[in-house]
Amino acid sequence: MKWRFKENITGSIPDRKTELEIIKQNSIFSFNFACSKSDLISYSNKNNDCLYDASVVEVFIDVGEDSYYEIEVAPNGATFFAKILNKKVTFIENDNFFTSEVHIEGVKYFVTIKVDLSRAKDIDQVKFNAYRIEKDKEGKQSLYALFPTFSNTFHVPEKFVLLNSFLADEKLFEICNSFNLGGSIINVFPYGNGHINKTYLVSTDNKRKYVLQQINNTVFPDVDALMNNIVLATKHLENKGFETLHVVNYIDGKPYLYEDNKYYRVYDAILNAVSYEKVSDKIMLEKLGFSIGEFHQAFRDFDANLLVEIIPNFHNTRQRYLNLLDAIAKDSFNRKKDVLKEIETVNKYKNEYGRIVDDIKLGKIKLATTHNDTKINNVMFDLVTGEPRCVIDLDTIMPGSYLYDIGDAFRGLFTGDNEDNPDLSKLNMSYSIFEHFMRGYLKEMKDVLNPYEIQMIPFSMFLITMECGIRFLEDYLRGDTYFKCHYPKQNINRCRSQIKLAEDIYHNMKKFHEIVENLLHELSN
Ligand code: ADP
Ligand code: GN1
Ligand code: MG
Numbered sequence: 018m019k020w021r022f023k024e025n026i027t028g029s030i031p032d033r034k035t036e037l038e039i040i041k042q043n044s045i046f047s048f049n050f051a052c053s054k055s056d057l058i059s060y061s062n063k064n065n066d067c068l069y070d071a072s073v074v075e076v077f078i079d080v081g082e083d084s085y086y087e088i089e090v091a092p093n094g095a096t097f098f099a100k101i102l103n104k105k106v107t108f109i110e111n112d113n114f115f116t117s118e119v120h121i122e123g124v125k126y127f128v129t130i131k132v133d134l135s136r137a138k139d140i141d142q143v144k145f146n147a148y149r150i151e152k153d154k155e156g157k158q159s160l161y162a163l164f165p166t167f168s169n170t171f172h173v174p175e176k177f178v179l180l181n182s183f184l185a186d187e188k189l190f191e192i193c194n195s196f197n198l199g200g201s202i203i204n205v206f207p208y209g210n211g212h213i214n215k216t217y218l219v220s221t222d223n224k225r226k227y228v229l230q231q232i233n234n235t236v237f238p239d240v241d242a243l244m245n246n247i248v249l250a251t252k253h254l255e256n257k258g259f260e261t262l263h264v265v266n267y268i269d270g271k272p273y274l275y276e277d278n279k280y281y282r283v284y285d286a287i288l289n290a291v292s293y294e295k296v297s298d299k300i301m302l303e304k305l306g307f308s309i310g311e312f313h314q315a316f317r318d319f320d321a322n323l324l325v326e327i328i329p330n331f332h333n334t335r336q337r338y339l340n341l342l343d344a345i346a347k348d349s350f351n352r353k354k355d356v357l358k359e360i361e362t363v364n365k366y367k368n369e370y371g372r373i374v375d376d377i378k379l380g381k382i383k384l385a386t387t388h389n390d391t392k393i394n395n396v397m398f399d400l401v402t403g404e405p406r407c408v409i410d411l412d413t414i415m416p417g418s419y420l421y422d423i424g425d426a427f428r429g430l431f432t433g434d435n436e437d438n439p440d441l442s443k444l445n446m447s448y449s450i451f452e453h454f455m456r457g458y459l460k461e462m463k464d465v466l467n468p469y470e471i472q473m474i475p476f477s478m479f480l481i482t483m484e485c486g487i488r489f490l491e492d493y494l495r496g497d498t499y500f501k502c503h504y505p506k507q508n509i510n511r512c513r514s515q516i517k518l519a520e521d522i523y524h525n526m527k528k529f530h531e532i533v534e535n536l537l538h539e540l541s542n
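Written as C-alpha cells, this is what we have:
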C-alpha cells in the first residue's frame, strides 16, 4: 500500500506528491519514498551535515528505548543518522542499522531506506513516523509527513505509531491519527455487537481510549444531518449534567471525516463501562427503566423540531409492512419460498400496524424527542457499581413517541442474546422483567405519559417487536443489505424470534396491563 504524505502543519493534502510504501521482510523494513516536483537541492554531500536545511526524506524510529533514531537521506545520497534523547542529538557513525539508495528521474527522486530492526527487544513496540522536507530554488521550505505533527517540527514522538500494528491495519491507523487524538495509537480492534455501523476500540499510549466508527452511509445517507443531530443532543445532555457520548472533531472542526467515499467519526470511549446483551437482575432493571425515563425527561425542554428526521418513517409500522409487501412482490432474490410461514404470520396482524402512527396524527399520542433504538446494548453500565451510566447509539434520536422506546426496550430485554437463536424456547417474555423495568421508568415518567399512552404500553411492545421482525424479513428478501449478517440465513432466525415474541406479547397484553395498573397504584401511594 502506498501512503500519501500530508502537509505537516495543516494536515492538508499538498499538490506536491510524496508517497511511501513500507515492505517488511523478516527483521528488515524497507521504507520506499517517491518524491515528486523536487528541485533536488541537497545541503552538502557530507554525511551527518545539516541535511535538513535543504531537501531530504526522513524516518524516525523508536525501538523501545527512551530515545529514538533519526535517519535522513538527501537527493544526492548524503545521509544523517542520530539518536535523539530529550531533544539532545547524538550522531552515530559506522552503524549497520540502515542502508539507503537514491534514484533520480527528472524532477522526481526515489529513496529506499532499509532498516534492520533485529535490535528491537519487542518488534510489536517499535514506533515510527516518516517525513519529507522540500527546499525549492526560491529558498521556500515545505514540510510533509506521513502523520502530521501539526507544528513546525517533526520532533513530536506522540505522533509516532506502532509499526507492526500500522502495517496490519494501515487504513484505520491513518484515520485515527488524522483525528489528532493526542497520543500514539497502540491498537485498533473491532468492537461491540451493533448491527449498523463498523465500530472499533482505539487504545492510545496516553491512557485514553476512543471509539472509531465507520458510519453506515447506506442507512444514514445524510451524515451531516446525522452528526448535527448527535452534536445537538449530546450538548443538551451535557449542559444538564448527564454523562453522554462525546464527539471528537476532525482537525477541520467537523464532527466526522469523509475519505475514500467512507464516513468516520470518533467518540471518547466511555471508560470502565460495558454494554450487555441481556439484563435480568431486578435492581439493575429498575435502574435501567429509570435511566430511559431520565433520558425522556431530559429532552422535555428540547425542541424536537431542531432534529432532522434522519430515517423518515423509522417506526411507522404500517409503512414498514408496506415495504415488506413490496419486497415480497419483487422477490428479487427468489427467497420468498423460504419464509412463507413468517409472511403468513405477519399478515395476520396487518390491521394493527397503523395504530400508533394514526393515534399520533389524532393527537392521542404525543410526539417528543425519543431515542428510537433503546436496545439493551445501547446502554453503558458501570463496571464497578453495575448501574446504567448513559444511553449511547444516538443515531436515531428524532421526534417520536415514548411508546416506541418503551416497546423497543422490552423487545430487547425479552430477546436478550437470543435474537438469532433458532431455539425459540430461549426467548424470555417475562412479567418480572416488565414489572421491574416499568417501576423505574414510571417513577420518572408516570406524570408525563397521558392515560391513553399508559394504556398503550403493552400494545407498543407487541408493535415494535413485530415491526422488528418485519424489518428482518424485508432485509432477508432484499438480499441482507441493511443489518450486518454473519451467516447466510441470520435474518430469518432474527425474524422468527421477533415474530414469536410479538405473538406471545399480543396474547398476554391483559396481564401486562394489570402490572401497569398495580405499579401506578403503588407509585401514587
Ligand atoms: P450500531 O449502530 O452499529 O449499533 P453503536 O453506536 O451502538 O453502533 O456501537 C456498537 C457498540 O459499541 C455498542 O453497543 C457499545 O458496546 C460500543 N460503543 C459504542 N460507542 C461507545 C463509546 N463511546 N464508549 C464505549 N463503547 C461504545
Ligand atoms: C439495529 O444499531 P443497533 O444494532 O443498536 C437497528 C434497530 C433494531 C436493532 C435490532 C438504526 O440496532 O432499529 O431494532 O438493530 N438500528 C437501526 O437488533 O436500524
Ligand atoms: Mg447500537
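Just so you know, the sequence shown maps onto residues 18 to 542 in the working numbering. Backbone N, C-alpha and C define an ideal beta-carbon position, used for all residues, glycine too.
Asked: Rounding to the nearest angstrom, what Cα-Cα distance links arginine 33 and glycine 433 in this structure?; Found: 54 angstroms
Asked: State the DSSP-derived secondary structure class of tyrosine 499, mapped to helix, strand or coil.; Found: coil
Asked: Could you please give me the residues that DSSP links to aspartate 79 through a beta bridge?; Found: Lys144
Asked: Out of Arg149, Gln142 and Ala426, which has the shortest C-alpha to C-alpha gap to isoleucine 58?; Found: Arg149
Asked: Take the Cβ of cysteine 193 as the centre, count every other Cβ of all protein chains shown within 10 Å, and call the residue buried at 16 or more, exposed below.; Found: buried
Asked: How many angstroms separate the CA atom of lysine 63 from the CA atom of serine 135?; Found: 28 angstroms
Asked: Going by DSSP, what residue range makes up the alpha helix (DSSP H) through phenylalanine 451?; Found: 448-462
Asked: Check whether the region 428-447 and the region 397-407 touch, using three or more Cβ-Cβ pairs below 8 angstroms as the test.; Found: no
Asked: Could you round the C-beta distance between glutamate 470 and leucine 420 to whole angstroms and report it? I think they count as a contact, below 8 angstroms.; Found: 6 angstroms
Asked: Where asparagine 25 and threonine 498 are concerned, what is the direct C-alpha to C-alpha distance, given to the nearest angstrom?; Found: 40 angstroms
Asked: What span of residues does the alpha helix (DSSP H) with proline 468 cover, start to end?; Found: 468-472
Asked: The ligand PLP and histidine 453: does the residue's C-beta get closer than 8 angstroms to at least one heavy atom of that ligand?; Found: Inclusion of the ligand PLP in the displayed structure is not the case, the ligand content consisting of the ligand ADP, the ligand GN1 and the ligand MG alone.
Asked: Give the secondary structure of alanine 286 by DSSP, where H, G and I count as helix, E and B as strand, and everything else as coil.; Found: coil
Asked: Would you say the beta carbon of histidine 212 is closer than 8 angstroms to some non-hydrogen atom of the ligand ADP?; Found: yes
Asked: Would you tell me roughly how many angstroms separate the C-alpha atoms of isoleucine 300 and phenylalanine 398, rounded to the nearest one?; Found: 13 angstroms
Asked: Pair every Cβ in the region 334-350 with every Cβ in the region 476-495, then say whether three or more of these pairs are closer than 8 angstroms.; Found: yes
Asked: Going by DSSP, which residues form a beta bridge with serine 220?; Found: Asn204 and Lys226
Asked: Please name the residue, chosen from Gly81, Ile213 and Ala71, that lies closest to glycine 94 on a Cα-to-Cα basis.; Found: Ala71
Asked: Shorter than 8 angstroms, the distance from the beta carbon of aspartate 425 to the closest heavy atom of the ligand MG, or not?; Found: no
Asked: The ligand MG and lysine 392: does the residue's C-beta get closer than 8 angstroms to at least one heavy atom of that ligand?; Found: yes
Asked: Regarding aspartate 434 and the ligand MG, is the C-beta to nearest heavy atom distance less than 8 angstroms?; Found: no
Asked: Kindly indicate which three-state DSSP category serine 514 falls into: helix, strand or coil?; Found: helix
Asked: Does the beta-carbon of glycine 5, which I'm using as the reference point, lie nearer than 8 angstroms to any heavy atom of the ligand GN1?; Found: The first residue shown for the chain is 18 and the last is 542, placing residue 5 beyond what the model contains.
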